[in-house]
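I have placed the structure first, in the form of structure tokens, so that the comments after it can refer back to it.
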Amino acid sequence: MEKTVNQKAWFLILPVLLLVAFSAVIPLMTVVNYSVQDTFGNNQFFWAGLEWFEEMLRSERMWDALGRQLMFSAIILAIQVPLGVFIALNMPKSGFWSSFCLVMMSLPLLIPWNVVGTIWQIFGRVDIGLLGYTLDALGIPYNYTQNTFAAWVTIIVMDVWHWTSLVALLAFAGLKSIPDAYYQAAKIDQASRWAIFRYIELPKMMGVLMIAILLRFMDSFMIYTEPFVVTGGGPGNATTLLSIDLVKMALGQFDLGPAAAFSIMYYLVILLISYVFYTVMTNLDKKGG
Amino acid sequence: MSDATATSNPVIATAPTKRFKVKGSVIVMTLYLLFLMLPIYWLLNMSLKTNTEVLNEFTLWPRNLTFDNYIKILTDPSWYSGYINSIIYVVMNTAISLTVALPAAYAFSRYHFMGDKHLFFWLLTNRMAPPAVFALPFFQLYSSVGLFDTHIAVALAHCLFNVPLAVWILEGFMRGVPKEIDETAYIDGYSFGRFFVKIFMPLIASGIGVAAFFCFMFSWVELLLTRTLTSVDAKPISAIMTRTQGAAGIDWGVLAAAGVLTIIPGALVIYFVRNYIAKGFALGRV
């Protein structure tokens with residue numbers, strides 16, 4: 001659509017700007033303040049410059065958490081994106097069963113995050129959980145509070161359970177927007193199922209798929225509640241992801257300076273990676289018309 | 001073999017364009033939905049059992065069906081007030097988010113102005129902000145203005161990610177309304193306010209519904225900020241759930257019942273927006 005130039009449109013944006021300034025800019029500036037100051041209590045602050053940043057960059061604790069976080073997000077994306085597309089391809093295209101699948105699949109998305117954690121905490125318990133009990137009965141050693149591998153499997157399966165439907169829903173919406181004529185043409189050409197997927201469905205899905213990847217990256221990178229409820233970051237520090245570590249530092253130990261420096265670097269990493277996705281996304285938008 | 005054919009029949013009837021591979025897709029979908037439903041079923045199952053049965057026997061369905069866990073929650077004010085608190089701040093947040101997002105989305109969808117593209121991306125960056133980063137500054141900000149432990153504090157805090165989301169979703173829907181409608185209305189002598197409320201808003205009613213649903217949903221599922229900003233008066237149900245860890249161990253039945261009750265609001269509204277869910281998650285870009 002052709003847009004007209006109108007500087008007065010700023011007035012329509014004003015309410016949003018004021019609100020977001022209050023709920024985002026002011027808190028963010030507080031964080032910036034803390035990150036360059038030191039305190040001995042009593043509200044006395046001293047200029048510390050970039051000390052906290054240097055300390056955090058040298059701290060093994062943060063690099064470990066970042067490493068675990070990147071591994072978690074990478075595994076999540078590697079499982080959820082192909083699985084989501086696969087599910088979308090298998091969904092009924094219309095009618096009652098299509099709606100049925102949509103509603104059932106959306107259900108996990110609407111459960112409060114700590115309840116998601118609780119559900120899996122219970123489900124995985126060896127004494128009262130269906131999953132834990134079954135694995136135990138089959139003789140597979142499984143204990144997510146003691147065993148690092150089991151803890152990782154639990155939080156990853158939980159996230160797959162929680163969010164794969166989002167990727168599937170978006171891919172499904174992309175699939176539905178493909179006109180029938182494309183399929184008819186493919187049929188005339190006697191294209192294989194793989195060729196249809198590779199040359200018709202995948203390119204047409206690319207736009208929404210990028211959004212799905214962007215959302216899944218962002219949300220998995222700032223995940224806190226679900227793994228915290230299930231494992232509490234343990235065993236040891238095995239599942240202490242960035243957010244869990246940050247909350248421990250800021251609200252648990254009240255190390256304001258390091259926590260603030262940590263926060264800023266954390267936010268910048270998300271912004272940077274998301275900006276790359278966003279640019280790719282808008283470029284795809286333009287190409288698609 | 002006969003089993004598979006029997007279950008796939010209704011799908012064949014509704015999707016005539018699909019060929020032989022229908023059977024495979026039915027199996028895939030059945031397995032996937034089973035995977036999604038099993039943990040929820042287990043929670044429901046547990047909420048209908050007594051604690052003795054939960055701990056002492058392993059049963060796939062409740063042997064002694066009991067609703068005591070639900071009765072306990074629905075009659076004890078310290079439990080059900082959590083639901084009321086959650087609903088109050090969720091509704092407040094939805095109302096605030098939509099009120100400020102509607103005019104902004106209109107401006108983004110209709111006009112070019114200085115810095116519009118940067119502003120649009122900047123709004124999205126707030127959706128990317130990890131709540132963990134904001135937990136402490138929010139606590140201090142709202143304490144210093146005397147709003148700590150009030151519903152409005154939580155509602156405002158959730159605006160951080162809900163306002164950008166609402167703007168994005170609404171902008172996507174508004175782009176679909178031809179501009180000629182605006183121009184005709186202005187020629188007919190409508191003022192901007194009257195045109196917006198009387199003509200434009202009914203046209204994007206489904207978009208408003210979807211945006212409201214997403215604000216509702218993300219405010220409902222969030223816990224970290226809510227827990228940080230509340231202590232007694234505005235404590236949400238999800239934070240109260242941690243109370244079940246008493247001296248005598250965890251009250252599993254009540255915990256499960258509370259969990260089931262938090263799923264219900266989402267399950268109720270989801271039916272109405274089922275065809276728009278994807279569009280909402282795609283920030284209006286499908």
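Respectively, the protein sequence lines represent chains H and R. Okay, so the first sequence: first residue is 1 according to UniProt numbering, each after it adds one. Okay, so the second sequence: first residue is 1 according to UniProt numbering, each after it adds one. Note that the Cβ used here is the ideal one computed from N, Cα and C, for glycine as well.
Beta-carbon proximity of residue i to residue j, cut-off 9 Å
{"i": "residue 69 (chain R)", "j": "residue 86 (chain R)", "result": "no"}
{"i": "residue 200 (chain H)", "j": "residue 212 (chain H)", "result": "no"}
{"i": "residue 31 (chain H)", "j": "residue 224 (chain R)", "result": "no"}
{"i": "residue 211 (chain R)", "j": "residue 160 (chain R)", "result": "no"}
{"i": "residue 216 (chain H)", "j": "residue 161 (chain H)", "result": "no"}
{"i": "residue 205 (chain H)", "j": "residue 171 (chain H)", "result": "yes"}
{"i": "residue 214 (chain R)", "j": "residue 108 (chain R)", "result": "no"}
{"i": "residue 128 (chain H)", "j": "residue 252 (chain R)", "result": "yes"}
{"i": "residue 68 (chain H)", "j": "residue 238 (chain H)", "result": "yes"}
{"i": "residue 51 (chain H)", "j": "residue 38 (chain H)", "result": "yes"}
{"i": "residue 61 (chain H)", "j": "residue 245 (chain H)", "result": "yes"}
{"i": "residue 138 (chain R)", "j": "residue 228 (chain R)", "result": "yes"}
{"i": "residue 112 (chain R)", "j": "residue 3 (chain H)", "result": "yes"}
{"i": "residue 182 (chain R)", "j": "residue 110 (chain R)", "result": "yes"}
{"i": "residue 123 (chain R)", "j": "residue 208 (chain R)", "result": "no"}
{"i": "residue 164 (chain R)", "j": "residue 25 (chain H)", "result": "no"}
{"i": "residue 82 (chain R)", "j": "residue 256 (chain R)", "result": "no"}
{"i": "residue 13 (chain H)", "j": "residue 104 (chain R)", "result": "yes"}
{"i": "residue 168 (chain H)", "j": "residue 76 (chain H)", "result": "no"}
{"i": "residue 214 (chain H)", "j": "residue 72 (chain H)", "result": "no"}
{"i": "residue 89 (chain H)", "j": "residue 25 (chain R)", "result": "yes"}
{"i": "residue 235 (chain H)", "j": "residue 155 (chain H)", "result": "no"}
{"i": "residue 218 (chain H)", "j": "residue 270 (chain H)", "result": "yes"}
{"i": "residue 29 (chain R)", "j": "residue 101 (chain H)", "result": "yes"}
Contact set for residue i: own chain, Cβ-Cβ below 7 Å, skip 5 residues either direction
{"i": "residue 243 (chain H)", "result": "222, 223 and 224"}
{"i": "residue 155 (chain R)", "result": "89, 92, 93 and 96"}
{"i": "residue 229 (chain H)", "result": "114, 117, 118 and 121"}
{"i": "residue 267 (chain R)", "result": "none"}
{"i": "residue 153 (chain R)", "result": "142, 147 and 229"}
{"i": "residue 150 (chain H)", "result": "142, 143 and 144"}
{"i": "residue 276 (chain R)", "result": "206 and 210"}
{"i": "residue 165 (chain H)", "result": "105, 106, 108 and 109"}
{"i": "residue 175 (chain R)", "result": "109"}
Boundaries of the alpha helix (DSSP H) in which residue i is found, first to last residue
{"i": "residue 281 (chain R)", "result": "277-281"}
{"i": "residue 265 (chain R)", "result": "252-270"}
{"i": "residue 162 (chain R)", "result": "151-175"}
{"i": "residue 273 (chain R)", "result": "Here residue 273 (chain R) belongs to no alpha helix (DSSP H), and DSSP marks it neither H nor E."}
{"i": "residue 154 (chain H)", "result": "148-176"}
{"i": "residue 192 (chain R)", "result": "192-195"}
{"i": "residue 226 (chain H)", "result": "225-231"}
{"i": "residue 148 (chain R)", "result": "Taken as a continuous stretch (DSSP letters only), residue 148 (chain R) belongs to no alpha helix (DSSP H), as it is neither H nor E."}
{"i": "residue 184 (chain H)", "result": "180-188"}
{"i": "residue 241 (chain R)", "result": "No alpha helix (DSSP H) contains residue 241 (chain R), which DSSP labels as neither H nor E."}
{"i": "residue 231 (chain R)", "result": "Note, residue 231 (chain R): premise wrong, no alpha helix (DSSP H); not H, not E."}
{"i": "residue 121 (chain R)", "result": "116-128"}
{"i": "residue 134 (chain H)", "result": "130-137"}
{"i": "residue 184 (chain R)", "result": "179-187"}
{"i": "residue 16 (chain H)", "result": "9-20"}
{"i": "residue 247 (chain H)", "result": "242-247"}
Bounding residues of the beta strand (DSSP E) (the contiguous stretch that carries residue i)
{"i": "residue 38 (chain H)", "result": "37-39"}
{"i": "residue 45 (chain H)", "result": "45-47"}
Nonlocal neighbours in the same chain, by C-beta distance under 6 Å from residue i, ignoring five residues either side
{"i": "residue 148 (chain R)", "result": "142"}
{"i": "residue 282 (chain H)", "result": "none"}
{"i": "residue 85 (chain H)", "result": "171"}
{"i": "residue 66 (chain H)", "result": "none"}
{"i": "residue 226 (chain R)", "result": "154 and 236"}
Own chain partners of residue i with C-beta closer than 8 Å, once the 5 adjacent residues on each side are dropped
{"i": "residue 345 (chain H)", "result": "In the structure as shown, chain H starts at 1 and stops at 289, and residue 345 (chain H) therefore has no counterpart that could be examined."}
{"i": "residue 64 (chain R)", "result": "49, 50 and 53"}
{"i": "residue 136 (chain H)", "result": "126 and 142"}
{"i": "residue 80 (chain R)", "result": "73 and 74"}
{"i": "residue 279 (chain H)", "result": "none"}
{"i": "residue 62 (chain R)", "result": "45, 48, 49 and 53"}
{"i": "residue 268 (chain H)", "result": "none"}
Heavy atom of the ligand MG within 8 Å of residue i beta-carbon
{"i": "residue 257 (chain H)", "result": "For the ligand MG, the structure offers nothing, since it holds no ligand at all."}
Below 9 Å between beta carbons is the criterion; list the residues of the segment 163-174 of chain H that meet it against any residue of chain R, in chain order.
Cβ contacts with chain R come from 164, 165, 166, 168, 169, 170, 171, 172, 173 and 174.
Quick check on the DSSP output: what are the complete alpha helix (DSSP H) runs of length 4 or more inside the segment 83-123 of chain H, in order along the chain?
96-106 and 113-123
Please list, in chain order, the residues of the segment 111-126 of chain H that have any C-beta partner in chain R closer than 7 Å.
111, 112, 113, 114, 115, 118, 119, 120, 122 and 123
Every unbroken alpha helix (DSSP H) within the segment 15-84 of chain R, with a cutoff of 4 residues, ordered by chain:
22-47, 51-56 and 68-75
Closer than 9 Å, Cβ to Cβ, to anything on chain R: give me those residues from the segment 7-26 of chain H, in chain order.
7, 8, 9, 10, 11, 12, 13, 14, 15, 16, 17, 18, 19, 20, 22, 23, 24 and 26
Proximal residues, the segment 141-173 of chain R versus chain H, C-beta separation under 8 Å:
141, 156, 157, 159, 160, 163, 164 and 167
Curious, which full-length alpha helix (DSSP H) runs of at least 4 residues does the segment 197-227 of chain H contain?
With a minimum length of 4 residues, the continuous alpha helix (DSSP H) runs that stay inside the segment 197-227 of chain H are 202-221.
Residues of the segment 85-99 of chain R whose Cβ lies closer than 7 Å to any Cβ of chain H, in chain order:
Flagged: no residues at all.
Using a beta-carbon distance cut-off of less than 7 Å, what residues from the segment 88-102 of chain H approach chain R?
90, 91, 92, 93, 94, 95, 96, 97, 99, 101 and 102
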